[in-house]
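First comes the structure, then the notes that go with it.
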Amino acid sequence: MDIVILAYDGVRLLDVTAPLEVFGTAAGFGGPYTVRLCSPTGAPVTTSTGVRLETTAPVTRAHTLVVPGSPDLPGRRPPSEVVEIVASFTAKRVASVCTGAFVLAEAGLLDGRRATTHWRHTATLAGRHPAVEVEPDAIYVRSGDVLTSAGVSAGIDLSLAMVEQDAGAELAREVARDLVVFLQRPGGQSQFSVASRTPRPAHDPLRELLDGVAADPAADHSLPVMAARAGVSVRHLTRLFHERVGCTPAAFVESVRLEAAQSLLDSGETVTGAATRSGMGSDESLRRAFLRHLGVTPSAYRARFRTSAQGA
88 MDIVILAYDG
98 VRLLDVTAPL
108 EVFGTAAGFG
118 GPYTVRLCSP
128 TGAPVTTSTG
138 VRLETTAPVT
148 RAHTLVVPGS
158 PDLPGRRPPS
168 EVVEIVASFT
178 AKRVASVCTG
188 AFVLAEAGLL
198 DGRRATTHWR
208 HTATLAGRHP
218 AVEVEPDAIY
228 VRSGDVLTSA
238 GVSAGIDLSL
248 AMVEQDAGAE
258 LAREVARDLV
268 VFLQRPGGQS
278 QFSVASRTPR
288 PAHDPLRELL
298 DGVAADPAAD
308 HSLPVMAARA
318 GVSVRHLTRL
328 FHERVGCTPA
338 AFVESVRLEA
348 AQSLLDSGET
358 VTGAATRSGM
368 GSDESLRRAF
378 LRHLGVTPSA
388 YRARFRTSAQ
398 GA
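Residue 208 in our numbering sits at position 121 of the sequence shown; the count goes up by one each step and never skips.
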């Protein structure tokens with residue numbers, strides 16, 4: 088199977104090297120792959136980090152075309168020469184890594200399909216391309232013969248999924264073991280973002296409330312207490328949250344407590360300690376919140392994401 092990775096100036100280095108490593112490693116273990124790194128002209132390309140990559144001349148067909156992303160793509164239209172190559176390419180399967188989804192969308196390959204991209208840019212992708220059904224929390228999405236992945240390192244997950252589809256789970260597991268990564272990581276990409284991505288309201292009492300919750304998540308932040316603190320009625324406070332924050336007061340408090348619990352677990356705190364110190368209360372409350380928002384249990388999160396110093 089020919090795998091073509093399309094590089095271009097400004098491409099993100101790991102978006103390119105992640106699929107290169109997965110498919111190259113799979114080929115080393117006997118997988119049915121030949122991997123080619125191409126560019127629109129065949130000339131070397133300069134990545135977003137300044138590293139230059141040698142490429143070969145573009146081709147027009149392959150079994151799989153992989154389109155990496157670039158930090159520039161959410162802010163501007165993709166290079167026309169890249170879009171033209173993708174739109175005219177003949178492939179049994181097309182995949183994008185991170186913001187490479189913007190190229191696929193511009194080429195019309197995502198219309199009527201489900202897709203994802205880096206969590207920072209899912210709203211931009213959905214706004215710019217309303218015909219695309221964007222899934223903001225997915226690590227990768229398979230929609231027919233088109234696959235898209237979340238940010239950067241999710242290109243590994245995406246590529247491993249394609250190896251498993253092509254050659255079976257055993258080869259994919261062997262590649263994952265060699266690269267020391269999950270074959271299928273737990274949870275969605277919201278676990279890598281900040282739970283409190285909240286607009287700053289102009290309403291001073293409300294802004295002070297938000298700051299107070301963030302400063303001491305474990306304090307009493309029940310609706311009546313918060314309303315009294317802001318000097319407004321419970322109904323008015325609820326209306327202000329909906330208008331200025333986009334959620335209920337309880338949902339905001341839970342998001343801040345969840346973020347605090349994540350930080351505590353990252354630093355090596357026990358699940359019980361994180362539940363208490365974050366204000367979640369009990370282990371079971373914390374477990375339900377983690378599963379509801381992150382799709383992973385606190386203990387699994389702690390095992391996967393705590394600092395290397397704690398894991399040593």
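Backbone N, C-alpha and C define an ideal beta-carbon position, used for all residues, glycine too.
Sort out for me which residues DSSP pairs residue 256 with in a bridge.
Residue pairing by DSSP places residue 256 in no beta bridge whatsoever.
Cβ-based neighbour list, residue 367, same chain, cut-off 7 Å, excluding 5 preceding and 5 following
Here the set comprises 344, 348, 373, 376.
Rounded to the nearest angstrom, what separates residue 218 and residue 359 at their Cα positions?
Taking C-alpha positions only, residue 218 is separated from residue 359 by approximately 44 Å.
Is DSSP giving residue 56 helix, strand or coil here?
For the chain, the structure presents residues 88 to 399; residue 56 sits outside this window and is missing.
Given this structure, state the Cα-to-Cα distance separating residue 230 from residue 139, to the nearest angstrom.
Approximately 33 Å between the Cα atoms of the pair.
Coil, strand or helix - residue 220 by DSSP:
In the structure shown, residue 220 falls within a strand segment according to DSSP collapsed to helix, strand and coil.
Outcome for residue 339 when other beta-carbon atoms lying within 10 angstroms are tallied against a minimum of 16
Buried: at least 16 other Cβ atoms inside 10 Å.
Inter-residue spacing [alpha-carbon to alpha-carbon] between residue 300 and residue 115:
Looking at the two C-alpha atoms, the distance is approximately 52 Å.
If we count the other Cβ atoms within 10 Å of its Cβ and call it buried at 16 or more, is residue 183 buried or exposed?
Residue 183 comes out buried.
Note down, in chain order, each residue of its chain lying with its Cβ closer than 6 Å to the Cβ of residue 176, except the 5 sequence neighbours on either side.
These residues qualify, in order along the chain: 152.
Option in 212, 223, 315, 119 with minimal Cα separation from residue 380
Closest in C-alpha terms to residue 380, from the list 212, 223, 315, 119, comes 223.
Alpha carbon to alpha carbon, what distance is there between residue 261 and residue 173?
Taking the straight line from one Cα to the other gives about 31 Å.
If you draw a straight line from the C-alpha of residue 102 to the C-alpha of residue 307, how long is it?
Taking the straight line joining both Cα atoms gives about 44 Å.
Residue(s) in a DSSP beta bridge with residue 373
Looking at the DSSP assignment, residue 373 forms no beta bridge with any residue, so it has no partner.
Which residue marks the beginning of the beta strand (DSSP E) containing residue 153, and which one marks its end?
The continuous beta strand (DSSP E) containing residue 153 extends over residues 148 to 154.
Taking C-alpha atoms, which residue in 96, 92, 99, 117 lies nearest to residue 107?
For residue 107, the closest of 96, 92, 99, 117 by C-alpha to C-alpha distance is 92.
Nonlocal neighbours in the same chain, by C-beta distance under 6 Å from residue 397, ignoring five residues either side
Annotation note: pLDDT 37 at residue 397 (below 50); position unreliable, no value reported.
Could you tell me the distance, in whole angstroms, from the CA atom of residue 99 to the CA atom of residue 131?
Answer to the nearest angstrom: the Cα atoms are 14 Å apart.
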